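Only one structure is covered here, and it is reproduced in the block below.
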Amino acid sequence: MRLKSFRERAMQGVFFLTALASIAAVAVICIFLFINGIPAMAEIGVFDFIGGQKWAPSNVPASYGIFNMIVASVYVTAGAIVIGVPIGILTAVYLARFCPKPLYKVLKPATELLAGIPSIVYGFFGLMVIVPFIRDNFGGNGSSWLAASIVLGIMILPTIIGVSESALRAVPESYYEGALALGATKERSVFKTILPASKSGVLAAVVLGIGRALGETMAVVLIAGNQVQIPSKLTDGLRTLTANIVLEMGYSTGLHRQALIATGVVLFIFILLITLSMQAIKSRSEKHG
Amino acid sequence: MADNNNSAVIDDIKPINKVTFKQRMLSYKRKPLSFVMLLLVALAALISAAALVFIIVYVLVRGIPNLTPELFALTYNSDNVSCMPSIINTVVLTLLTLVIAVPFGIGAAIYLAEYAKKGNKLVKLIRTMAETLAGIPSIVYGLFGMLFFVYALGWGYSLLAGAFTLAIMVLPTIMRTTEEALLTVPDSYREGSFGLGAGKLRTIIRIILPSAMPGILAGIILSVGRIVGETAALIYTYGSATGYATGFLNSGRSLAVHMYVLTNEGLHTDQAWGTAVVLLVLVFAINTLSAFIAKKLGNKKG
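The listed protein sequences derive, respectively, from chains A and B.
Read in order, the letters of the first sequence correspond to residues 1 to 289 in the numbering used here.
Read in order, the letters of the second sequence correspond to residues 290 to 591 in the numbering used here.
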C-alpha cells in the first residue's frame with residue numbers, strides 16, 4: 001500500500017517536472033539570446049545598432065546598423081497583411097456563413113493544406129514563378145518587396161482563415177437571426193452583426209498573422225532581394241531581420257557574429273511583444289464573452 | 290391514423306422561411322451592396338483555393354518529370370544531387386526529435402489536464418510559456434540551438450543539436466493537442482475507474498491515455514509534418530553535410546535544408562523541382578494521416 005502511494009506521488013512529480021519544461025525552455029532561450037546579443041549591442045552602441053542605416057561588416061571600421069532591416073521587416077509584414085488579411089477574413093466569412101456543405105468539405109481541408117506547405121517550397125515557388133512574373137511585368141529584377149509580400153500574404157492565409165472562422169462560428173446564432181428578422185439581407189446580417197461581434201477573434205487572427213510574417217525566413221530570403229536598403233517602390237529589394245541572420249551566420253566571426261545574434265534578439269523582442277498583445281486580446285475577449 | 294392525417298396537413302403547408310431564388314434576386318436588386326459583398330466573399334474564397342491549386346499543380350507539373358532514378362541514388366554526389374541521404378537523415382531526425390519531445394509533451398499535458406488545479410498561478414505560467422514557445426519563429430530557434438547545443442554544449446553541427454532544437458519547437462504543439470485529447474475523455478471513465486478501486490496513476494495509464502490515443506497521435510503526426518518541412522531551425526544546428534548522419538554527433542542535411550541548398554546554389558533547378566515534389570508529397574501525406582486519425586476520433590465520439 002505504501003509502495004503504491006509512493007509510486008503515485010513519484011509519477012505526479014514526474015508529470016509536474018515535464019510540465020515545467022516549457023518554462024525552462026523559454027528561460028534558457030531568453031538567457032542565451034540575451035547573454036550573447038546584449039554585449040554586441042553595448043559594444044556597437046544601442047543607438048548605432050538599432051538606428052544605424054549602414055550595415056557593412058567587412059568594412060574597416062565595420063558598421064553594424066540594422067535600422068533598414070527593421071524597416072524592411074515592417075514593410076514586408078505590412079505588405080503581407082494588406083494582401084492576406086482581406087482575402088483571409090472574407091474567405092473565413094465565406095466558409096463560416098455562405099459555403100454549401102459539400103464544397104466546405106473540400107475547401108476547409110484545402111485551406112489547412114496551405115498551412116502544410118513547407119516555407120522552403122513557398123520560397124522556391126516564389127523564386128521560380130512570382131519573381132520572374134514581377135521582373136517581366138513591373139520591371140526591376142523581380143526579387144522585391146512586392147514578391148515577398150505576395151508570398152507571405154499567401155503563407156499567412158491559413159492562419160487568418162482558421163482563427164477568424166472559429167471566431168465567426170463562436171458568435172451566437174441569435175445575433176444573425178435577429179438581424180434577419182429585422183429584414184436585413186443575409187450579407188448585411190453577417191457583416192453588420194456577426195463580423196463586429198467576432199472582432200476580437202478576428203483581431204487575434206491578424207496579430208497571429210503578423211507574427212508569422214515577421215518571423216518567416218526561408219521564403220523571404222529567396223525572393224526579397226536582400227539588399228540592405230529602405231525600398232522606395234514596390235519593386236525594390238529589401239533585407240529583413242530574419243534574412244540577415246540566415247545569410248551571414250554561416251561565415252561570420254567575432255563581433256559580426258554577435259551583431260547577427262543581436263539582430264535575432266531584436267526580432268525576438270518584436271515577437272514577444274506580439275505574443276503579449278495576443279494574450280491581452282485573448283484575456284480581454286474571455287472577460288467580455 | 291392520426292399520424293397520417295397530420296403529415297398530410299404538414300405537406301400542404303408552404304414553408305415561409307425558405308427564400309426562393311427569384312425572391313433572393315429581387316432582394317439583391319433592391320440592395321445591390323449586399324450582392325457586391327456576396328461576390329467579394331466568394332471571390333476571396335476562390336482566390337484562396339486558387340492559390341493552393343496553382344502552387345501544387347505548378348510544383349507537380351514541373352517536378353514530376355524530374356523524378357529520375359538518379360535523384361534517388363543511394364549516394365550523393367554533386368552531379369546527381371541525390372536526395373536519398375537527406376530523406377534518410379530526415380527520418381532519423383524526426384524519430385529522435387519525437388523521442389525527446391513526446392514524453393515531455395504528453396507528461397506536461399497529463400499534468401495540466403489531470404493534476405493541475407484550476408486557477409493555479411503556476412499552471413497559468415506554464416500555459417503562457419507554451420504559447421510563447423509556439424510564437425517564436427523558427428530562425429530564432431535555430432539561433433538558440435546554435436548558441437546552446439552547438440557551441441555552449443560543444444555538440445557541433447549534429448543530429449543531436451538538430452533534434453533537441455526541433456524538440457523544443459514542437460513541444461507546444463504536442464502539449465496542446467494532447468491536452469485537448471485528454472479533456473475530451475468523459476469524466477465518467479475516470480469515475481468508473483476510481484470506483485473500481487484503481488488509483489489515479491493507473492486510471493491515467495490504463496483508461497485515459499488509451500481513450501485519448503487517436504487525438505494524441507494526430508498531434509504527434511502534425512509535429513512530424515512541421516519537422517519534415519523545417520529549414521531555418523536546422524541550417525545552423527543539424528548543418529548541411531551531404532552524407533548520411535550515422536552518429537549522434539554527425540552533421541547531415543534534412544530534405545528541406547537540401548532543397549534550400551539546391552535553390553541557393555541555383556545550379557540544379559530541375560532537381561530542385563523534383564525535390565520540391567518529394568517534400569510536398571511527404572508533408573501532405575503526413576498531414577492527411579493526421580487529419581484522418583483525428584477524424585476517426587471525432588466519429589467515434591459522435
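Ideal Cβ placement from N, Cα and C applies to all residues, glycine included.
As the structure is a computational prediction, the values presented were derived from the model and not from experiment.
| Query | Result |
| --- | --- |
| Does any C-beta atom of chain A lie closer than 8 Å to the C-beta of D292 (chain B)? | Model confidence at D292 (chain B) stands at a pLDDT of 49, short of 50, so the residue's coordinates are unreliable; what they give is reported in the following sentence. No, because no Cβ of chain A sits closer than 8 Å to the Cβ of D292 (chain B). |
| Identify whether Y64 (chain A) lies in helix, strand or coil by the three-state DSSP scheme. | strand |
| Are the beta-carbon atoms belonging to I150 (chain A) and V85 (chain A) less than 8 Å from one another? | no |
| Can you pull the chain A residues whose beta carbon is under 8 Å from the beta carbon of E420 (chain B), in chain order? | T275, M278 and Q279 |
| Based on Cα-Cα distance, which residue from B:L544, B:A507, B:D476 and B:T535 lies nearest to I582 (chain B)? | B:A507 |
| Can you name the residues that DSSP bridges to W55 (chain A)? | A:Y64 |
| In angstroms with no decimal places, state the Cα-to-Cα distance between G555 (chain B) and F191 (chain A). | 47 Å |
| Spell out a yes or no on whether the stretch 318–330 of chain B and the stretch 90–106 of chain A are touching, meaning 3 or more CB-CB pairs, one atom from each, closer than 8 Å. | yes |
| At the 8 Å Cβ level, is Y64 (chain A) part of the contact set with chain B, yes or no? | no |
| Give the C-beta separation of S543 (chain B) and I463 (chain B) to the nearest angstrom, bearing in mind that I take them to be a contact with Cβ-Cβ under 8 Å. | Incorrect: roughly 19 Å between the Cβ atoms, too far for contact. |
| Do you know offhand how far F303 (chain A)'s Cα is from G434 (chain B)'s? | The shown model of chain A, from 1 to 289, leaves out residue 303 (chain A), and the question about it has no answer. |
| Does the beta-carbon distance from I457 (chain B) to Y430 (chain B) come in below 8 Å? | yes |
| The stretch 320–335 of chain B: which residues have C-beta closer than 7 Å to a C-beta of chain A, in chain order? | K320, S323, M326, L327, L329, V330, A331, A333 and A334 |
| Can you list the residues of chain A that G466 (chain B) reaches, using a CB-CB cut of under 9 Å? | The sequence shown places Thr at residue 466 (chain B), rather than the Gly named in the question. Those do not exist, as T466 (chain B) stays about 14 Å from chain A at its closest Cβ, beyond 9 Å. |
| Quick check: what's the CA-CA separation for L569 (chain B) versus R188 (chain A)? | 40 Å |
| Counting only beta-carbon separations shorter than 8 Å, does K489 (chain B) have a partner in chain A? | yes |
| Kindly list, in the order they appear in chain A, the residues whose Cβ is closer than 8 Å to that of G514 (chain B). | G116 |
| So that I know if they touch, is there some Cβ in chain B lying closer than 8 Å to that of N36 (chain A)? | yes |
| With H, G and I counted as helix, E and B as strand and the rest as coil, what does DSSP make of G225 (chain A)? | strand |
| Tell me, to the nearest whole angstrom, how far the beta carbon of G532 (chain B) is from that of G518 (chain B); I am working on the premise that it is less than 8 Å. | The pair is not a contact, with the Cβ atoms about 22 Å apart (cut-off 8 Å). |
| Below 9 Å between beta carbons is the criterion; list the residues of the stretch 106–134 of chain A that meet it against any residue of chain B, in chain order. | V106, L107, P109, A110, T111, E112, L113, L114, A115, G116, I117, P118, S119, I120, V121, Y122, G123, F124, F125, L127, M128 and V129 |
| Check whether the Cβ of R239 (chain A) lies closer than 8 Å to any Cβ atom in chain B. | no |
| What do you get for N68 (chain A), buried or exposed, if any count of 16 or more other CB atoms within 10 angstroms of its CB means buried? | buried |
| Under 8 Å between the Cβ atoms of A522 (chain B) and T466 (chain B)? | no |
| On the criterion of 16 or more Cβ atoms from any shown chain inside 10 Å, does N409 (chain B) qualify as buried, or is it exposed? | exposed |
| So, using beta-carbon positions, are K585 (chain B) and P503 (chain B) closer together than 8 Å? | yes |
| Which value, in whole angstroms, describes the spacing of the CA atoms of N226 (chain A) and S316 (chain B)? | 52 Å |
| With a threshold of 8 Å between beta-carbons, can L255 (chain A) be considered close to chain B, or not? | no |
| Between the C-alpha atoms of V129 (chain A) and A25 (chain A), what's the straight-line distance to the nearest angstrom? | 39 Å |
| Rounded to a whole number of angstroms, what is the C-alpha to C-alpha distance between L222 (chain A) and E248 (chain A)? | 14 Å |
| If I measure Cβ to Cβ from Q395 (chain B) and keep anything under 6 Å in the same chain, skipping five residues before and after, which residues do I get? | Note that residue 395 (chain B) is Ile in the sequence shown, not Gln. Closer than 6 Å at the Cβ level, and outside the excluded window around I395 (chain B), lie T467. |
| For A501 (chain B), does the count of other Cβ atoms within 10 angstroms reach 16, so buried, or fall short, so exposed? | buried |
| Using a Cβ-Cβ cut-off of 6 Å (strictly less than) and excluding sequence neighbours within five positions of I428 (chain B), which residues of its own chain qualify? | A521 |
| Using a Cβ-Cβ cut-off of 8 Å, state whether N576 (chain B) counts as contacting chain A. | yes |
| Classify Q258 (chain A): buried if its beta carbon has 16 or more other beta carbons within 10 angstroms, exposed otherwise. | buried |
| For the candidate residues A:A224, A:A21 and A:G215, whose alpha-carbon lies nearest to that of W145 (chain A)? | A:A224 |
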